[in-house]
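**Q** Structure below; questions to follow.
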Amino acid sequence: MGLSSSISVQKTLYEVLSVSEDATYDEIRAAYRSAALNTHPDKARTPLESCVLSGEQQEFSSVQKAWEILRHPTSRADYDKQLQSSRQNIEIIASEVQVGDMIIESTADADTVELSYPCRCGDYFSITSCELSGMGISVSGDGDGEVELQASDSPSASVVLGCGSCSLKIRLVL
1 MGLSSSISVQ
11 KTLYEVLSVS
21 EDATYDEIRA
31 AYRSAALNTH
41 PDKARTPLES
51 CVLSGEQQEF
61 SSVQKAWEIL
71 RHPTSRADYD
81 KQLQSSRQNI
91 EIIASEVQVG
101 DMIIESTADA
111 DTVELSYPCR
121 CGDYFSITSC
131 ELSGMGISVS
141 GDGDGEVELQ
151 ASDSPSASVV
161 LGCGSCSLKI
171 RLVL
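Numbered by UniProt numbering, the letters in the sequence shown go through residues 1 to 174 in order.
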């Protein structure tokens with residue numbers, strides 16, 4: 001359910017070259033030269049004909065890519081914007097909530113149940129049984145306000161819910 005970014009999961013180009021994000025062109029060039037010498041495929045003992053890139057070859061390829069982007073001021077600025085944007089998109093979960101902590105209400109349609117949890121801003125985090133079903137999570141109730149959720153593909157799962165008014169998010173643990 002959560003947002004993920006390939007930049008936040010992988011090393012940044014700055015980390016590949018072992019330089020800080022405010023490094024000068026000369027520092028980036030020196031780091032590139034050093035990394036290129038240390039990771040060059042000719043230093044590896046594996047044959048170059050292999051179809052699968054070895055770890056050294058992948059590392060050298062990463063160094064080359066970092067240099068290609070960071071050496072040009074415009075491509076570096078674009079990369080910095082993308083990196084900053086990806087960092088802002090990382091979800092910060094305010095808390096984890098169990099199903100038993102949720103307020104359970106039947107809607108006008110007797111087949112639909114709404115689960116909600118109060119946010120500190122005064123609004124609610126909410127999700128309906130229809131939305132959960134669309135995610136492959138079955139909702140079963142006993143008619144007394146007790147609801148059990150079960151993910152069809154996993155014995156334990158979670159759903160990230162956003163507040164209706166503010167930017168806070170919670171994780172509903174199933």
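Cβ coordinates follow ideal geometry from the N, Cα and C atoms, glycine included.
Looking at the structure shown, is LYS169 part of a helix, part of a strand, or coil, going by DSSP?
**A** Mapped onto the sequence shown, residue 169 falls at position 169. Strand, per DSSP.
**Q** Identify which residue in LEU132, LEU17, SER62 has its Cα closest to the Cα of VAL99.
**A** Walking along the sequence shown from the start, residue 99 turns up at place 99. Cα-wise, what sits closest to VAL99 is LEU132.
**Q** Can you tell me the Cβ-Cβ gap for VAL16 and SER62, rounded? I've got them flagged as a contact below 8 Å.
**A** For the purposes of this step, residue 16 is taken as the residue at position 16 of the sequence shown. For the purposes of this step, residue 62 is taken as the residue at position 62 of the sequence shown. The Cβ separation is near 5 Å, so the contact holds.
**Q** Could you tell me whether the stretch 93-108 touches the stretch 164-172, where touching means 3 or more Cβ pairs closer than 8 Å?
**A** Touching, yes.
**Q** Rounded to whole angstroms, how far is the Cβ of GLU21 from the Cβ of TYR32, which I believe are closer than 8 Å?
**A** In the sequence shown, the residue the question calls residue 21 occupies position 21. In the sequence shown, the residue the question calls residue 32 occupies position 32. Actually they are not in contact, since the Cβ atoms of GLU21 and TYR32 sit about 15 Å apart, beyond 8 Å.
**Q** May I have the straight-line CA-CA distance separating ALA77 from THR39, to the nearest angstrom?
**A** Looking up residue 77 in the sequence shown gives position 77. Looking up residue 39 in the sequence shown gives position 39. Distance between the alpha carbons of ALA77 and THR39: 26 Å.
**Q** Kindly provide the ranges of any alpha helix (DSSP H) runs that are 4 or more residues long and lie completely inside the stretch 53-140, ordered along the chain.
**A** Entirely contained in the stretch 53-140, the alpha helix (DSSP H) runs reaching 4 residues are, in chain order, 55-70, 73-88, 129-134.
**Q** Give me the DSSP bridge partner(s) of SER20.
**A** To locate residue 20, count along the sequence shown from 1; it is residue 20. DSSP, once it has assigned bridges, lists no residue as partnering SER20.
**Q** Tell me which residue opens and which closes the beta strand (DSSP E) that LEU161 is part of.
**A** Within the sequence shown, numbered from 1, the residue matching residue 161 stands at position 161. From DSSP, the beta strand (DSSP E) with LEU161 extends over 158-162.
**Q** Select from LEU37, VAL139, ASP123 the residue whose C-alpha is nearest the C-alpha of GLY164.
**A** Taking the first residue of the sequence shown as 1, we reach residue 164 at position 164. Measuring from the Cα of GLY164, the nearest candidate turns out to be ASP123.
**Q** What does the alpha-carbon distance come out to for the pair MET1 and VAL159?
**A** Locating residue 1 in the sequence shown gives position 1, where the first residue counts as 1. Locating residue 159 in the sequence shown gives position 159, where the first residue counts as 1. For MET1, the pLDDT reaches just 38, beneath the cut-off of 50, and the residue's location in the model is therefore unreliable, although a value from the coordinates is still provided. Those two C-alpha atoms are separated by around 6 Å.
**Q** Please state whether the Cβ-Cβ distance between GLN57 and PRO41 is less than 8 Å.
**A** Taking the sequence shown and counting its residues from 1, one reaches residue 57 at position 57. Taking the sequence shown and counting its residues from 1, one reaches residue 41 at position 41. Result yes, Cβ atoms of GLN57 and PRO41 sit closer than 8 Å.
**Q** Between GLN82, SER116, THR24, which lies nearest to VAL97 when the distance is taken from Cα to Cα?
**A** Your numbering for residue 97 matches position 97 in the sequence shown. Looking at the Cα atoms, SER116 is the closest of the given residues.
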